[in-house]
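Residue 335 in our numbering sits at position 284 of the sequence shown, and the numbers go up by one each step. Ideal placement from N, C-alpha and C gives every residue a C-beta, glycine not left out. Bear in mind that the values here come from a model prediction, so they are computed numbers and not experimental data. See structure below.
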Amino acid sequence: MEVKNQKGYALVLVLVIITITFTLALSLSGMALSARKQFNKTDEANKATDIAEMGVAHYEAWLANAVSRANIYAESQADTAIKNNNGNKKPHPLGKVKTCKKNTIRCTVEYDEYFLKNLKLRIDALNNSLLRTVEGDNVYEVKDITISDIKADDTIAVNFKSYGKTKKENKVLESMITIEKNGESLVGETKPLPTDYKIVNSTEINLKGQDKHLTFDQSTYFEKKIEIQGNRAIKVNGNAYFKEKVLFSGTADILVFGDAIFAVPPEFNGNAYSFCIYGNIYKIDENNKLIEYTDFPSGQNKSCPRPNDDQWYINPDEGIDVKY
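Pasting the structure below:
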């Protein structure tokens, strides 16, 4: 009798183990399916975000071209309007006084008014939509575009939304691009002091090996020699002053979102290097005055946008704000 009971208990135990194992397997399988769905959802969401970012980049490029064309239109129309008004110019609002050394037209109310009017027409011509298919069901659309009037700080804000769409996910990025006026040339000014810069870098820089990139977040005064080797890059978010030699080897890059001053001409090993300087480029004469670096060796990169004095432009580093 005891033997039968033991066999019965064993059978029940085996059945319990099988039941628990089967239940656990179903549970784990369900968790795996849920996790896979979540991963797929995350992948789709990331893809939708990437596509929306493409829309932001596309609209930024389109707007930069529109700004450039509006500058040309404004200069021509403002010059004609002032001549037709016997040389009389409109007074600046709030009593502001603006002077331009090279091109007086760009400092007039007429210039700014024609620029804004033409830019608004170009934006309206999009019919509030910039739609592109990336691949298959993946598309981006830029819409809900608004443009402000010229603000008290001489900026114009363009707000828009970029919609990234995949087959299963949508992502909206709210963006604002700020258009501002470029400053005048510093030609003839005395060379700046280290105290004129937010950052003073007093150590030599030898960028090589594992150090791929080096970024300075504000205007920087470089006191010592800089050497960049191979596929390496230095980025300055602002103006830059290079007191000592800058030596390039291989595919080295310097990116400056502002003016750059070279007290000593840069040197190069090879011709694969590139400079990208968004502002003006200067060197220093025998009287310690700034002069234009007209023969600056830009290397492979000859297409950095450099707005003329007192023209409207988009600051590529500080003029774009994206909210995720």
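Go ahead and pull the three-state DSSP assignment for residue i.
i, result
"ARG283", "coil"
"SER300", "strand"
"PHE166", "helix"
"SER236", "coil"
"ASP201", "Looking at the sequence provided, one finds Ile at residue 201 rather than Asp. DSSP places ILE201 in coil when its eight states are reduced to three."
"VAL223", "strand"
"CYS327", "strand"
"VAL373", "strand"
"VAL193", "strand"
"ALA132", "helix"
"GLY106", "helix"
"ILE365", "strand"
"GLU337", "coil"
"THR159", "coil"
"THR93", "helix"
I believe residue i touches residue j by the beta-carbon criterion, under 8 Å. Please report the beta-carbon distance rounded to the nearest angstrom.
i, j, result
"ILE277", "ILE256", "5 Å"
"PHE326", "ILE305", "5 Å"
"ALA311", "ALA291", "5 Å"
"TYR124", "LEU181", "That belief does not hold up - the Cβ atoms of TYR124 and LEU181 are roughly 21 Å apart, past 8 Å."
"LYS171", "ILE198", "6 Å"
If you follow the beta strand (DSSP E) that residue i is in, where does it begin and where does it stop?
i, result
"SER270", "First-last for SER270: undefined, no H or E at that position."
"PHE293", "291–293"
"LEU182", "180–186"
"GLU255", "Counting along the chain, GLU255 falls outside any beta strand (DSSP E), and DSSP gives it neither H nor E."
"LEU244", "First-last for LEU244: undefined, no H or E at that position."
"VAL209", "206–216"
"ALA311", "311–313"
"PHE319", "318–320"
Does the Cβ-Cβ distance between residue i and residue j come in under 8 Å?
i, j, result
"SER226", "ASP101", "no"
"PHE313", "PHE293", "yes"
"PRO317", "VAL287", "no"
"LYS222", "ALA103", "yes"
"GLY106", "TYR165", "no"
"TYR364", "ASN233", "yes"
Is there a C-beta anywhere in chain D that falls below 8 Å from the one on residue i?
i, result
"ILE279", "Within the model displayed, chain D is absent; a lone protein chain is all it includes."
Stretch-stretch touch, CB-based, cutoff 8 Å, three pairs: the segment 235–246 with the segment 119–127: No: the two stretches stay apart, fewer than three of their Cβ pairs being nearer than 8 Å.
Are the segment 216–226 and the segment 131–141 touching by the rule of at least three beta carbon pairs closer than 8 Å? By the Cβ test, the segment 216–226 is not in contact with the segment 131–141, since fewer than three Cβ pairs between them sit closer than 8 Å.
Take every Cβ of the segment 151–158, pair it with every Cβ of the segment 176–187, and state whether three or more of those distances are shorter than 8 Å. No, the segment 151–158 is not in contact with the segment 176–187.
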